[in-house]
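In the order they appear, the protein sequences are chains L and A. The opening position of the first sequence corresponds to residue 409 in my numbering, with each subsequent residue numbered one higher. The opening position of the second sequence corresponds to residue 43 in my numbering, with each subsequent residue numbered one higher. Every residue, glycine too, gets a C-beta built ideally from N, C-alpha and C.
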Amino acid sequence: MDFLRRFARNKGAVVGAVVLACVVLLALAAPLIFPETPWEIVGPPFRKPGEMGFLLGTDTLGRDVAAGIAHGARVTLLLSLVSTAVALSIGVVLGAVAGYHGGWVDDVVMRFTEFFQTIPNFILLVVLVAIFTPSITSIVVAIGIVSWPPLARIVRGEFLTLRSREFVQAAHVLGQSSPRIIFGEILPNALSPVIVSASLMVATAVLLESALSFLGLGDPNLMSWGYMIGASRTVIRHAWWISCFPGVAIALTVLALNLVGEGLSDAMNPRLARKARA
Amino acid sequence: MGGRLGFIAQRLVKAVFVILGIIVLNFLLIRLAPGDPALVLAGEAGAADPKFVDDLRREFGLDLPLWRQLLIYMQGILSFDLGFSYRQKQPILDLILARLPQTILLTGTALTFAIVVGVSLGAMAARHVGSWWDSAITTLALLVYAMPQFWLGLMLVLLFSVQLGWLPTFGMNTINSGFAGLEHALDVGRHLILPSLTLGLFFMAVYARLTRASMLEVADLDFVRTGRAKGLPEGRIQRRYILRNALLPVVTYAGLQAGYLVGGSILIETVFAWPGIGRLAFEAVLVRDYNLLLGIFIVASVLVIAFNLLTDILYTVVDPRIEMGT
Chain L
409 MDFLRRFARN KGAVVGAVVL ACVVLLALAA PLIFPETPWE IVGPPFRKPG EMGFLLGTDT
469 LGRDVAAGIA HGARVTLLLS LVSTAVALSI GVVLGAVAGY HGGWVDDVVM RFTEFFQTIP
529 NFILLVVLVA IFTPSITSIV VAIGIVSWPP LARIVRGEFL TLRSREFVQA AHVLGQSSPR
589 IIFGEILPNA LSPVIVSASL MVATAVLLES ALSFLGLGDP NLMSWGYMIG ASRTVIRHAW
649 WISCFPGVAI ALTVLALNLV GEGLSDAMNP RLARKARA
Chain A
43 MGGRLGFIAQ RLVKAVFVIL GIIVLNFLLI RLAPGDPALV LAGEAGAADP KFVDDLRREF
103 GLDLPLWRQL LIYMQGILSF DLGFSYRQKQ PILDLILARL PQTILLTGTA LTFAIVVGVS
163 LGAMAARHVG SWWDSAITTL ALLVYAMPQF WLGLMLVLLF SVQLGWLPTF GMNTINSGFA
223 GLEHALDVGR HLILPSLTLG LFFMAVYARL TRASMLEVAD LDFVRTGRAK GLPEGRIQRR
283 YILRNALLPV VTYAGLQAGY LVGGSILIET VFAWPGIGRL AFEAVLVRDY NLLLGIFIVA
343 SVLVIAFNLL TDILYTVVDP RIEMGT
């Protein structure tokens with residue numbers, strides 16, 4: 409309750425949450441509003457927005473842009489959530505192991521993390537998806553592989569400070585196993601920064617997924633926002649709406665996620681938030 | 043002085059290890075890829091030619107044990123041989139080197155723009171915190187931060203080229219213009235504006251946010267209060283006391299951003315048909331020329347590492363306190 413009140417105090421976060429709810433609703437309702445697949449040709453090509461009852465116009469082949477955006481919301485949200493989950497599992501496990509054990513384990517894991525932070529991550533992403541051929545699995549795993557390092561650092565930092573606390577020592581004395589202490593005792597206490605950065609990571613994942621499909625590296629069976637922009641960019645002189653609207657959808661979703669992330673961060677660390685705003 | 047040299051030497055050793063790591067990663071990627079590695083390396087076009095595939099097999103020693111293969115691969119790359127692109131019928135290193143100057147021009151311009159404008163906006167927002175300026179700058183940064191770069195580029199084309207007709211849409215110079223000397227440079231400059239603006243805007247937003255936050259943090263410190271108590275003019279306090287100290291995290295961050303900058307150039311060069319390595323990477327993806335793609339990955343990584351090294355050294359110059367640091 410207290411948490412919700414603090415979240416609601418941040419106006420941007422509330423706006424973000426509302427926009428995000430709309431996008432999720434659109435994604436859930438897509439098959440109801442547009443029962444055909446978004447690939448279906450439903451009218452003449454290049455209809456302007458509003459013409460012949462097409463709210464956002466039709467594309468180069470006569471497919472409904474609005475249907476593409478609604479179905480694209482499903483694809484983009486789902487892929488971003490799952491790839492964030494992949495990044496979370498890699499980052500949390502590596503960060504927890506490094507921070508809990510310290511010493512040489514910590515050294516090795518952190519060198520490994522630094523390595524992944526140094527190499528140009530978008531090029532690695534393109535290389536991974538291109539070589540393993542674009543599919544839902546390869547896209548999701550590849551986005552996870554390039555986005556876990558910041559998370560591992562955060563979790564490691566939390567574990568380093570928490571591992572010497574009394575409740576952890578108590579667990580040691582009680583003879584609990586390491587995995588149990590890591591996941592049952594320490595991790596629940598390190599969750600709030602993880603949740604905040606995870607929500608910001610979903611935003612990055614949306615941008616990465618869109619960029620991949622823009623380059624033609626999306627799953628060929630899925631209609632996504634990035635694909636719509638990439639497929640219509642050559643006709644932008646004659647038909648601005650085909651590439652404009654999907655981009656607005658991406659920007660709104662990312663903006664909403666970023667605002668919610670900042671709101672969560674403020675609500676979970678009220679003292680920090682007050683200091684930052686002063 | 044010894045401390046600084048030691049620090050730089052330490053960074054150099056680290057950089058060498060990262061480069062070796064990238065070579066091993068590349069090697070593993072080819073082996074882990076679905077299908078015959080020789081066919082992967084040959085790309086779709088090359089695979090049709092059995093002699094070429096056989097040559098590749100011999101070149102990489104694909105019938106030898108894995109560790110021998112790795113050694114052969116490393117030897118090749120460390121002697122600056124990135125292999126041959128069957129698609130483009132040219133050595134990969136030549137292809138990349140021909141495109142590299144254009145990418146450096148684009149990313150360099152974008153980074154300069156981003157730092158100069160971003161830091162200025164951030165400083166302005168921090169100085170007048172809570173004012174109309176501050177909210178305008180913060181909102182702008184938030185919006186730009188959320189837009190996909192490739193889409194932003196298309197929208198800028200729509201506005202400045204299609205609607206207003208001020209700037210060229212794509213390429214690096216006007217075809218068949220016969221421009222030379224200064225005229226040629228101006229022509230390239232006109233073509234450079236939109237792509238570098240698109241690439242730079244995102245990082246401008248990042249620097250503006252970073253500078254603002256960092257300046258607000260420094261403004262709370264004791265030496266700033268002392269400066270004020272001494273009656274120093276506010277402009278001097280802002281510039282010499284606050285901004286100078288607040289810039290340190292910005293410098294570090296600029297180093298870390300190099301990778302994103304090169305990655306972003308794939309998208310921007312694709313949108314604007316800018317003839318750099320990003321566009322080359324896109325072409326490689328289109329025709330599944332994996333060997334070329336991996337070559338670009340290696341060269342881009344080495345560039346990013348070199349840039350990181352440079353910012354590390356710059357850091358020790360800007361702030362002598364950290365010369366013994368990690």
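Minimum Cβ-Cβ distance from residue i to chain L less than 7 Å
{"i": "alanine 75 of chain A", "result": "yes"}
{"i": "phenylalanine 212 of chain A", "result": "no"}
{"i": "phenylalanine 339 of chain A", "result": "yes"}
{"i": "methionine 189 of chain A", "result": "yes"}
{"i": "valine 292 of chain A", "result": "no"}
{"i": "tryptophan 193 of chain A", "result": "yes"}
{"i": "serine 173 of chain A", "result": "no"}
{"i": "serine 307 of chain A", "result": "no"}
{"i": "glycine 63 of chain A", "result": "yes"}
{"i": "valine 66 of chain A", "result": "no"}
{"i": "glycine 118 of chain A", "result": "no"}
{"i": "alanine 261 of chain A", "result": "no"}
{"i": "leucine 224 of chain A", "result": "no"}
{"i": "glycine 301 of chain A", "result": "yes"}
{"i": "alanine 167 of chain A", "result": "no"}
7 Å Cβ cutoff, residue i in contact with chain A
{"i": "leucine 663 of chain L", "result": "yes"}
{"i": "isoleucine 551 of chain L", "result": "no"}
{"i": "valine 581 of chain L", "result": "no"}
{"i": "phenylalanine 415 of chain L", "result": "no"}
{"i": "aspartate 627 of chain L", "result": "no"}
{"i": "alanine 538 of chain L", "result": "yes"}
{"i": "isoleucine 531 of chain L", "result": "yes"}
{"i": "valine 535 of chain L", "result": "yes"}
{"i": "phenylalanine 622 of chain L", "result": "yes"}
{"i": "isoleucine 544 of chain L", "result": "no"}
{"i": "isoleucine 477 of chain L", "result": "no"}
Assigned exposure category for residue i - 16 Cβ within 10 Å defines buried
{"i": "glycine 503 of chain L", "result": "buried"}
{"i": "glycine 592 of chain L", "result": "exposed"}
{"i": "threonine 358 of chain A", "result": "buried"}
{"i": "phenylalanine 567 of chain L", "result": "buried"}
{"i": "phenylalanine 212 of chain A", "result": "exposed"}
{"i": "serine 238 of chain A", "result": "buried"}
{"i": "glutamine 280 of chain A", "result": "buried"}
{"i": "isoleucine 61 of chain A", "result": "buried"}
{"i": "arginine 455 of chain L", "result": "buried"}
{"i": "phenylalanine 122 of chain A", "result": "exposed"}
{"i": "threonine 181 of chain A", "result": "exposed"}
{"i": "isoleucine 310 of chain A", "result": "buried"}
{"i": "isoleucine 449 of chain L", "result": "exposed"}
{"i": "alanine 578 of chain L", "result": "exposed"}
{"i": "leucine 334 of chain A", "result": "buried"}
{"i": "glutamate 670 of chain L", "result": "buried"}
{"i": "phenylalanine 575 of chain L", "result": "exposed"}
{"i": "glutamate 617 of chain L", "result": "buried"}
Per-residue contacts from residue i into chain D (C-beta, under 7 Å)
{"i": "asparagine 350 of chain A", "result": "No chain D appears in the structure shown, which is made up of the protein chains L and A."}
Span of the alpha helix (DSSP H) around residue i
{"i": "phenylalanine 245 of chain A", "result": "223 to 261"}
{"i": "phenylalanine 653 of chain L", "result": "648 to 676"}
{"i": "asparagine 529 of chain L", "result": "529 to 539"}
{"i": "tryptophan 512 of chain L", "result": "511 to 526"}
{"i": "isoleucine 284 of chain A", "result": "Looking at the DSSP string, isoleucine 284 of chain A is not in any alpha helix (DSSP H), and its letter there is neither H nor E."}
{"i": "phenylalanine 415 of chain L", "result": "410 to 417"}
{"i": "isoleucine 553 of chain L", "result": "544 to 555"}
{"i": "isoleucine 449 of chain L", "result": "Here isoleucine 449 of chain L belongs to no alpha helix (DSSP H), and DSSP marks it neither H nor E."}
{"i": "glycine 634 of chain L", "result": "633 to 640"}
{"i": "glutamate 325 of chain A", "result": "319 to 328"}
{"i": "isoleucine 119 of chain A", "result": "108 to 120"}
{"i": "leucine 274 of chain A", "result": "Unbroken run through leucine 274 of chain A: none, as it is neither H nor E."}
{"i": "glutamine 577 of chain L", "result": "574 to 581"}
Any residues in the segment 597 to 619 of chain L with a beta carbon nearer than 9 Å to a beta carbon of chain A? Which ones, in chain order?
Ala611, Val614, Leu615, Ser618, Ala619
Where the segment 647 to 663 of chain L meets chain A: residues whose CB sits under 9 Å from a CB there:
Trp648, Ser651, Cys652, Pro654, Gly655, Val656, Ile658, Ala659, Leu660, Thr661, Val662, Leu663
Mind listing, in chain order, the continuous beta strand (DSSP E) runs of no fewer than 3 residues lying wholly within the segment 139 to 185 of chain A?
none
What residues in the segment 422 to 433 of chain L have a beta carbon less than 8 Å from any beta carbon of chain A?
none
For the segment 546 to 571 of chain L, enumerate the residues whose C-beta is nearer than 9 Å to any C-beta of chain A, in chain order.
none
Under 8 Å, CB to CB, which of the residues in the segment 310 to 324 of chain A have a partner in chain L?
Thr312, Val313, Ala323, Phe324
The segment 498 to 528 of chain L: positions lying closer than 7 Å to chain A by Cβ
Phe523, Thr526, Ile527, Pro528
Determine which residues of the segment 230 to 247 of chain A have a Cβ less than 7 Å from any Cβ of chain L, and write them out in chain order.
Listed by position, the residues of the segment 230 to 247 of chain A near chain L (Cβ gap below 7 Å) amount to none.
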